[in-house]
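First residue of the sequence shown: 64, per my numbering; consecutive thereafter.
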Amino acid sequence: AADARRLVHHLHEHAEHEERFIHPLLREAAPELALRVEAQHVALDAALAETVTAESLDGARIYRALTGFVALYFPHLEIEEQEAMPAIWHRCDDGDLMDRVLRPFIAARAREDMADDLRLQIGSVSPREERQLIGALLT
Numbered sequence: 064a065a066d067a068r069r070l071v072h073h074l075h076e077h078a079e080h081e082e083r084f085i086h087p088l089l090r091e092a093a094p095e096l097a098l099r100v101e102a103q104h105v106a107l108d109a110a111l112a113e114t115v116t117a118e119s120l121d122g123a124r125i126y127r128a129l130t131g132f133v134a135l136y137f138p139h140l141e142i143e144e145q146e147a148m149p150a151i152w153h154r155c156d157d158g159d160l161m162d163r164v165l166r167p168f169i170a171a172r173a174r175e176d177m178a179d180d181l182r183l184q185i186g187s188v189s190p191r192e193e194r195q196l197i198g199a200l201l202t
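Structural data, given as structure tokens:
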């Protein structure tokens, strides 16, 4: 249950920060797509709420709640990565993204949460992205 709580906490915070920092750019770049992504976030929030409810119950209930969430989450990630992010990259250069997303995001995060983020992400980014992340943390 403790692992499920950490996962739910991370996913909830990820969604909140995405809505705060990424969605405004997506609304500028692709308003109709932004509406679709935001509607998916509502469904994902409901699925996360079910996971939180299941935490106090047995392992099988937690498992079913998490798999229900994952069934919604993976297709959502595909839309974000294949449609939303390319629309944003088409409209914004690296400097825009650093100024409007990464630096404000870092400033809004607690240091402990940033450390958890880095542990989860550092192995999945390119060397260039890794340098940008670390550079943004140091500035």
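Backbone N, C-alpha and C define an ideal beta-carbon position, used for all residues, glycine too.
Small disclaimer: the values here were computed from a predicted structure and weren't measured.
(1) CA-CA distance, F168 and Q184?
(2) Looking at C-alpha atoms only, which residue of T130, L135, P149, A128 is the closest neighbour of I85?
(3) Please confirm whether A102 and T114 have their CB atoms less than 8 Å apart.
(4) Would D179 pass as a contact of H73 if the rule is Cβ separation under 8 Å?
(5) According to the Cβ coordinates, are D176 and E76 closer than 8 Å?
(6) Mind checking F132: buried by the 16 CB within 10 Å criterion, or exposed?
(7) L98 and A78 look like a contact to me (Cβ under 8 Å); what is the Cβ gap, rounded to whole Å?
(8) Going by C-alpha to C-alpha distance, which of A171, A173, G186, R166 sits closest to L201?
(9) Rounded to whole angstroms, how far is the Cβ of L88 from the Cβ of I151, which I believe are closer than 8 Å?
(10) Helix, strand or coil for A97 per DSSP?
(11) Starting from the C-beta of H104, find all residues in its chain whose C-beta is less than 7 Å away, skip the five residues before and the five after it, and write them out in chain order.
(12) Take the Cβ of A170 as the centre, count every other Cβ of all protein chains shown within 10 Å, and call the residue buried at 16 or more, exposed below.
Inspection of the coordinates gives the following:
(1) 15 Å
(2) Among T130, L135, P149, A128, the Cα nearest to that of I85 belongs to P149.
(3) no
(4) Closer than 8 Å, so yes.
(5) yes
(6) buried
(7) That belief does not hold up - the Cβ atoms of L98 and A78 are roughly 16 Å apart, past 8 Å.
(8) Ranked by Cα distance from L201, the options A171, A173, G186, R166 are led by R166.
(9) Your pair L88 and I151 checks out as a contact, with CB atoms roughly 5 Å apart and the cut at 8 Å.
(10) helix
(11) A78, E82
(12) exposed
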